[in-house]
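Residue numbers (the working numbering), protein chains in the order written: chain U, 355 to 571; chain G, 2 to 497.
The beta-carbon is built from N, C-alpha and C at its ideal position, and this holds for glycine as well.
The structure presented is a predicted model; accordingly, all values stated were derived computationally and were not measured.
Reading through the structure tokens given below for one structure.
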Amino acid sequence: MSGDAELLDLAAGAFLLAAVGVLWRRDLTAQTSLLAVQGFALAAIAVILGADQAHPELYAVAAGVGVLRGAVLPALMRRAISARATDRETRPLMNVGASLLSAAALVLLAYAVSQPLVRLLGTASARALPMGLAVALIGLLILVTRRKALSQITGFLLLDNGITAIAFLAAAGVPLLVELGVSFDLLLAVLVLRVLTTRMRALFGDTDLDDLRELHD
Amino acid sequence: MNTLLLLTPLVAPLLAALVYAAFGWRRATAHAGTAAAALILADGIALAVRVMRHGAIDLLGGWLRADPLAAFMLMGIGTIALLAAASSPAYLAAAHGPDADLGQINAAANRRYGALVACFLAAMSAGALAGNLGLAWIAIEATTIVTAFLVGHTGTRAAVEAAWKYTVICSVGIALALLGIIVLYAAARHAGLSESAALDYRALAAHAHALDPAVTRMATALMILGFGAKAGLAPLHAWLPDAHSQAPAPVSALMSGVLLPVAFIQILRVKAIADQVLGAGFTRALLLTMGLSALALAALLLIAQRDYKRMLAYSTMEHMGLVTVGAAIGTRLAMAAVFLHIAGHGLAKAVAFITSGHIQHAERTTRIDQVKALAARQPVVAGIFAAALLALLGFPPFSLFASELALARAGFAAGLGWPVAAAFTLILIALAALVTHTAAMLLGNPEGGGRPAAPDALNLTARTPLITALVAVGALGITAWPISSLIATAAQAGHP
């Protein structure tokens, strides 16, 4: 049991570190690789919980999560990155140092906010739950401070990974049908955003969201 | 029979989508969407009758559930969809203009339009019939996915930008709702509910006393914020004016008229659970804040508005804000008024949006200051637009007058005089702005400028459904008889 708890902490730690890495690296290719790492860490969390709670259904969910979030979605992102050097986050609203400091603050916030839930559940896995919330908050931070369209997709995926991690850690995952529906919707949403990115490139030249200034009051 | 009634609203539009995908948009298929809409409406009426007689109907273990609220929403979806689908052929024909000769491109775009609108109807029906938080979430997120390309339908810079903002903001908002759902699920599982019951609206309401208050508070706030994003409530409302102004007019009508209310009823269902755990105070404060800030934002942005489609979008935000204030009041009278207001606003706003599409095609602009003397040049279009606006402003005999009056009474009776007074002050500001802008468009000297009237801007088949809908809003204001008992039962549902 304690071995399992250690493994779980390790996987959750890798999960959080990958999110911090996305915040740190400005290169979109590196960010995409980190997203893949995070997807596999999420699958690992599901496998460990499945073994711990003798819940074989979780193995299947873990396989699905690994394929979708570790392989398919990062591959979709990678294909959207063009070969040009401009595909770096050149002018984020917040520099890297400030972003990392905010991430530290967000982790503390996540621990504070999730206390009622951790205390209620009282399980070993629930104690790792704030890490999932921290990843979700880091995803929101990226969504509001990055200007590239692809960075926003990254932020959205981090948010979603964080929420899925919370589902695993708090309740050993939502019912299978819901998990399937949620994953399908996520995949379609990323596909839609991907197509829109291509169209924006064709119309605006690049996908710096600063160019999105047509609509305002 | 029950199975058929619960599945038709999902299957009929999906079949229509298949028809469009397979055969494209042609004369023979143009009204497949209309047929699906008519089926949804007939189904909603049949369900309403059945539910009122025999109580709620479950299917698939409660994943789909028809109760009075769901039947009411289905009738709304069917009605607005009927209006939107009936006006779609004229819209698409005019959108490409008489000189457009892009046969192939138009065919592909029209095929996509037909299929996506039909899928949109199916997703909204699923949202209305969802008896389970998981299915509700999946359905609401699905509406975002299928409408993203409808918002970007015209393919201009502005349209693609609106589609991007729409998808990102709504997906993030609904992700917050998912987090809330998961937190509530964890609390419910901890309280001993089974896997399927822990997401079921009715089971959660029945076992609400076992839920942990602190965790439920967190979950409720997240769910109301998240579903509120899709209902056009602050703070995640920024997508609404962009998407409504860029989407094709019939799609704007569907979004304003029923998509926002479908998201809103999820808030009502969550509130019914939360109020048992936390008392009415928590959701009341949250909904009052969100509703009043939506009203304030809408009123302020209406004052200097330059685009008439955006003007209609902010008016929708204003009405959703008022409906949210009504839900915060939460008494039986207030809830009945909320449902009547949703029905009246949905119909009138759908007419206004569809007419704005005709104005846009005739005038080739959406700028308020470039449309002048419409009443003299196109009396029918101007008359319908003016009547729809009068209905939206709450003038009698239209039903919005009755529902706003009832909301004000309910608010003062519940001791919420100050917030209600603030809400109606904001509505007066919005009214002044809307009257000024609309008068500038409709009145004036026809010699002063503007284009000559297009002769067949609104032929008989296009104008009949719009006028019928306005007459219906007026009739609802005089007597809500066909739906009054349904509304009353739905209003009671929140008070077990």
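According to DSSP, residue pairing for Ile-58 of chain G in a beta bridge involves G:Ala-67. Note on the stretch 457-482 of chain U: whole alpha helix (DSSP H) runs with a minimum of 4 residues are 469-475, in chain order. Apart from the 5 residues on each side of it in sequence, Phe-402 of chain G sits with its Cβ closer than 7 Å to the Cβ of Gly-395, Phe-396, Gly-478 in its chain, given in chain order. Note: Ala-131 of chain G is bridge-paired with G:Leu-65 in the DSSP secondary-structure output. Asp-213 of chain G belongs to the set of residues whose beta carbon lies under 9 Å from a beta carbon in chain U. Scanning chain U for C-beta atoms nearer than 9 Å to the C-beta of Met-219 of chain G yields Val-467, Ser-468, Pro-470, Leu-471, reported in chain order. At a C-beta separation below 8 Å, Ala-188 of chain G has these neighbours in chain U: Leu-471, Leu-474. Looking at G:Tyr-186, G:Ala-91, G:Val-50, G:Gly-56, the one whose alpha-carbon comes closest to that of Thr-462 of chain G is G:Ala-91. Counting along the chain, Gln-379 of chain G sits inside no alpha helix (DSSP H), nor does DSSP assign it H or E at all. Take the alpha-carbon of Ala-235 of chain G and the one of Gly-227 of chain G: they are about 10 Å apart.
With a threshold of 16 other beta carbon atoms within 10 Å, Trp-165 of chain G meets it and is buried. The stretch 141-161 of chain G makes contact with the stretch 527-547 of chain U; the number of CB pairs closer than 8 Å reaches 3 or more. The stretch 475-483 of chain U makes no contact with the stretch 448-455 of chain U, as fewer than three CB pairs between them are under 8 Å. A Cβ-Cβ distance of about 7 Å is found for the pair Ile-78 of chain G and Leu-122 of chain G, placing them in contact under the 8 Å criterion. Nearest to Ala-43 of chain G by alpha-carbon distance, out of G:Val-271, G:Ala-470, G:Phe-73, G:Asp-59, is G:Phe-73. By the beta-carbon neighbour count (other beta carbons within 10 angstroms, threshold 16), Phe-369 of chain U is buried. Looking at the DSSP output, Arg-368 of chain G shares a beta bridge with G:Asp-308.
Each residue's CA atom was taken as its position, placing Arg-333 of chain G and Val-263 of chain G some 20 Å apart. The alpha-carbon of Thr-221 of chain G is positioned some 7 Å away from that of Val-271 of chain G.
For Ala-338 of chain G against Ser-404 of chain G, the beta-carbon gap comes to about 5 Å, under 8 Å, which counts as contact. Closest by C-alpha distance to Thr-465 of chain G, out of G:Val-381, G:Cys-171, G:Ala-374, is G:Val-381.
Residues of the stretch 231-259 of chain G whose Cβ lies closer than 9 Å to any Cβ of chain U, in chain order: Pro-242, Asp-243, Ser-246, Gln-247. With a 10 Å radius around the Cβ and a threshold of 16 neighbouring Cβ atoms, Ser-195 of chain G comes out exposed. Taking 7 Å as the Cβ-Cβ cut-off, the stretch 168-198 of chain G approaches chain U at Thr-168, Val-169, Ser-172, Val-173, Ala-176, Leu-179, Leu-180, Ile-183, Val-184, Tyr-186, Ala-187, Ala-188, Arg-190, His-191, Glu-196, Ser-197, given in chain order.
Beyond the five residues adjoining it in sequence on each side, Ala-398 of chain U comes within less than 6 Å, by CB distance, of Ala-365 in the same chain, given in chain order. Counting C-beta atoms within 10 angstroms of its own C-beta, Pro-483 of chain G has fewer than 16 neighbours from the protein chains shown and is therefore classed as exposed. Leaving aside the five residues that flank Ala-137 of chain G on each side, the residues in its chain whose CB is nearer than 7 Å to its CB run, in chain order, Gly-128, Ala-131, Gln-267. Three or more pairs of CB atoms, one per stretch, sit closer than 8 Å, so the stretch 511-520 of chain U contacts the stretch 385-401 of chain U. Within chain U, the residues whose beta carbon sits less than 9 Å from that of Glu-142 of chain G are Gly-535, Val-536, Asp-539, Leu-540, Leu-542, Ala-543, listed in sequence order. Using a Cβ-Cβ cut-off of 8 Å, Phe-510 of chain U is close to Val-169, Ser-172, Val-173, Ala-176 of chain G, given in chain order.
The beta carbon of Thr-155 of chain G sits no closer than 9 Å to any beta carbon of chain U.
Between Leu-487 of chain G and Met-53 of chain G, the C-beta gap is smaller than 9 Å, which places the two residues in contact.
In the three-state DSSP reduction, Lys-272 of chain G falls in the helix class (H, G or I).
Annotation: the continuous alpha helix (DSSP H) that includes Asn-3 of chain G extends over 3-24. The C-beta distance from Ala-248 of chain G to Leu-390 of chain G rounds to 20 Å, too long to fall under 8 Å, and the pair is not in contact. Sequence-distant partners of Val-391 of chain U (beyond 5 residues in either direction) whose C-beta falls short of 6 Å from its own C-beta, in its chain, are Ala-372.
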